[in-house]
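Take a look at the structure below.
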Amino acid sequence: MVAKDKVLVCNFQFSLINFTNMKKANYKVIGVMSGTSLDGIDLVYVNFDFKNSWSYKILKAETIPYPLNWQETLAAAINYSEERLEELNKKYTNFLAGIISRFIENHHIKDIDAVCSHGHTIKHEPENNYTLQIGNLPEIAYLSGQTVICDFRVQDVEFGGQGAPLVPIGDQLLFSDYKYCLNLGGFANISTDKSGERLAYDICAVNTVLNYYAQKLGKEFDEGGKLAAAGNLNEDLLKKLNKLAFYAQKPPKSLGIEWVKSEVFPVLEKHEENLQDILHTYTVHVAKQIAKTLDNDPNSKVFMTGGGTFNNFLIRLLKNESKCHFTIPSDEIINYKEALIFGLLGVLKLRDEVNVLKSVTGAKKDHSSGVIYEI
Numbered sequence: 070m071v072a073k074d075k076v077l078v079c080n081f082q083f084s085l086i087n088f089t090n091m092k093k094a095n096y097k098v099i100g101v102m103s104g105t106s107l108d109g110i111d112l113v114y115v116n117f118d119f120k121n122s123w124s125y126k127i128l129k130a131e132t133i134p135y136p137l138n139w140q141e142t143l144a145a146a147i148n149y150s151e152e153r154l155e156e157l158n159k160k161y162t163n164f165l166a167g168i169i170s171r172f173i174e175n176h177h178i179k180d181i182d183a184v185c186s187h188g189h190t191i192k193h194e195p196e197n198n199y200t201l202q203i204g205n206l207p208e209i210a211y212l213s214g215q216t217v218i219c220d221f222r223v224q225d226v227e228f229g230g231q232g233a234p235l236v237p238i239g240d241q242l243l244f245s246d247y248k249y250c251l252n253l254g255g256f257a258n259i260s261t262d263k264s265g266e267r268l269a270y271d272i273c274a275v276n277t278v279l280n281y282y283a284q285k286l287g288k289e290f291d292e293g294g295k296l297a298a299a300g301n302l303n304e305d306l307l308k309k310l311n312k313l314a315f316y317a318q319k320p321p322k323s324l325g326i327e328w329v330k331s332e333v334f335p336v337l338e339k340h341e342e343n344l345q346d347i348l349h350t351y352t353v354h355v356a357k358q359i360a361k362t363l364d365n366d367p368n369s370k371v372f373m374t375g376g377g378t379f380n381n382f383l384i385r386l387l388k389n390e391s392k393c394h395f396t397i398p399s400d401e402i403i404n405y406k407e408a409l410i411f412g413l414l415g416v417l418k419l420r421d422e423v424n425v426l427k428s429v430t431g432a433k434k435d436h437s438s439g440v441i442y443e444i
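In my numbering, the protein residues as written are 70 to 444.
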C-alpha cells in the first residue's frame, strides 16, 4: 500500500469513528491526570451522558502515589537534555500504561470507550511555542490495550494559545451553576463567564511551593496548613511576592514550574532563616492573589477543588479576604475533578466537538484538541 493510500485509509477510519461516536449520547471513559505537585496519578472511570446538557457519574476513582524514584525523576526532568527526555518519555509511557492497565484490572472494568490521558507536564513554554507532556506516545494504546486520547495541549500552542488551562470547558459544561470555578492544585487557576465568553487563567503557584517547603521541614505536605498557621507573617517578603511581574499581566496567561524556579524560589530563598514563616507568608500571599480575582460579592458562588481545599489555614485566610460564597464539594470531586474533565475532553474529541476555548487560551480559534491512538 502506498503512503497516499495509507493516509486515505486512516482518514476513513477516523471519520468512521467520528460518525459512530456522533450518534452516541452515553460514554464510559477513564480520565487520567498527573499534576505538577507530583502527588500521584489520578484515575476516574466515569459515565458521561448527554441529554440537552452533559451529566456525569464517577463509577470508580483511585490515586496511585508516585514512588520516590519517579517523584525525583519527574522533578529533575526539566533540566534534562533532549535525548534524555526522549528516553524518559518512553519509560514514562510504559509506566503510565501499566498504571492504567492495573486500574482497569483491579476494578474489573469491561466497558471502555477510551482512556483520556493528560500525561505529565515536564516543560510548558507557550511563549516559545513549546509544551511537553510525557506519557503521550502512540505506544500507550497497545501497551494499555485501549483506545487512548491524549496530548491535549500541543495543538493549542500551535494555534498561538497558552495550551492552558484546559479544564474551563468542563467548568462551563458541568459546573455552570457557579460564577467561579477555583482549583487549588500545584497552581491556583480560575474560570468564569464574562460577557458570554469563558475566561480562565492561572493565578499563582500553590502546592508546588507549599509542598516544597513542607518537605524541607520533614513533612510530605503541610497537613491542614498547620505548619503555616504556626508561622509569622514576614511583611517584607509578602510585598516582594505581591510585586512579581506575572500578576500585572492580563489573561490569558498560564504558569509552569519554570516560573516558580526562576521567579518565586529566588525571592523565598533570601528569607529561609525560618521556614514556617515562609509557609505562613506564602499562604497569605496565595489568599490575597486569589481574592484579587474575585468580585467580593456575597452572591457570587465559588466552586473550590484541588488538594489546596484541604489546607484549612489557606481556606480561612481566603474567606477573610473575600465575601464571596465558597463551596467545597465532596472529597471525590475535590480530588478527581481534573481527571474527570480530561475524560470529558476526550469524549468531546471523539465527537469532533470543541474542547479548547480561544477565549481561555488565547488561540486563534476554538478547536477540538488531542490525538487518538487506536490499538
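Using N, Cα and C, we set each Cβ at its ideal position, and we do this for glycine too.
The C-alpha of S213 is placed about 11 angstroms away from the C-alpha of P207. Under the three-state reduction of DSSP, L201 is assigned to strand. Excluding its 5 nearest sequence neighbours in each direction, F228 has C-beta neighbours in its own chain below 7 angstroms: A432, K433, K434 and H436, listed in chain order.
Taking 8 angstroms as the cut-off, the beta carbon of G232 is found closer than this to the beta carbon of P195. Excluding its 5 nearest sequence neighbours in each direction, S103 has C-beta neighbours in its own chain below 6 angstroms: I110 and H189, listed in chain order. With contact defined as three or more Cβ pairs closer than 8 angstroms, the region 335-352 and the region 298-311 are in contact.
In this structure, the beta-carbon distance from H394 to V371 falls below 8 angstroms. Membership of D271 in the beta strand (DSSP E) is indicated by the continuous run E266 to A274. Taken in chain order, the unbroken stretches of beta strand (DSSP E) that lie wholly in the region 101-135 and span 3 residues or more are 109-120 and 122-134. Annotation for K263: the continuous beta strand (DSSP E) segment containing it runs F256 to K263. Contact between the region 384-402 and the region 277-286 is not established, with fewer than three Cβ pairs separated by less than 8 angstroms. Taking L201 as the centre and dropping the five residues before and after it, the same chain places the C-beta of I191 and K192 closer than 6 angstroms to its C-beta, in chain order. Counting of Cβ neighbours within 10 angstroms places N95 among the exposed residues, the total staying below 16. Secondary structure of Y442 (DSSP, three-state): strand. Non-local C-beta neighbours of V336 in its own chain, meaning closer than 8 angstroms and more than five positions away in sequence, comprise L306, K309, L310 and L313, ordered along the chain.
When DSSP states are grouped into helix, strand and coil, I191 belongs to the strand group.
Under DSSP, C219 forms a beta bridge with S186 and V440.
Pairing A146 with L137, the inter-Cα distance amounts to about 14 angstroms. For V336, the secondary structure class from DSSP, reduced to helix, strand or coil, is helix. When C-alpha distances from F382 are compared across I218, A317, Y351 and L251, the shortest belongs to Y351.
DSSP, reduced to helix, strand and coil, places K319 outside both helices and strands of the structure shown, so it counts as coil. Here the region 418-427 makes contact with the region 213-227; the two share three or more CB pairs at distances below 8 angstroms.
For L251, the enclosing beta strand (DSSP E) begins and ends at Y249 to L253. One thing to note: G167 has its Cβ no nearer than 8 angstroms to the Cβ of L253. Counted as a single uninterrupted DSSP element, the alpha helix (DSSP H) harbouring F172 occupies residues E151 to N175.
For the pair L143 and E155, the Cα-to-Cα distance works out to about 13 angstroms.
By alpha-carbon distance to Y282, the top candidate from I209, L128, H349 and P134 is H349. Taking the CA atoms as reference points, I127 sits about 13 angstroms from L243. Spatial neighbours of I444 in its own chain (CB-CB distance under 7 angstroms, excluding positions within 5 residues in sequence) are listed in chain order as A210, Y211, G214, Q215 and T216. Cβ contact annotation for A360 (same chain, cutoff 6 angstroms, sequence separation greater than five): E390 and S391, in chain order. Residue pairing by DSSP puts F372 in a beta bridge opposite C250 and T396. DSSP places I99 in the strand class (E or B) of the three-state scheme.
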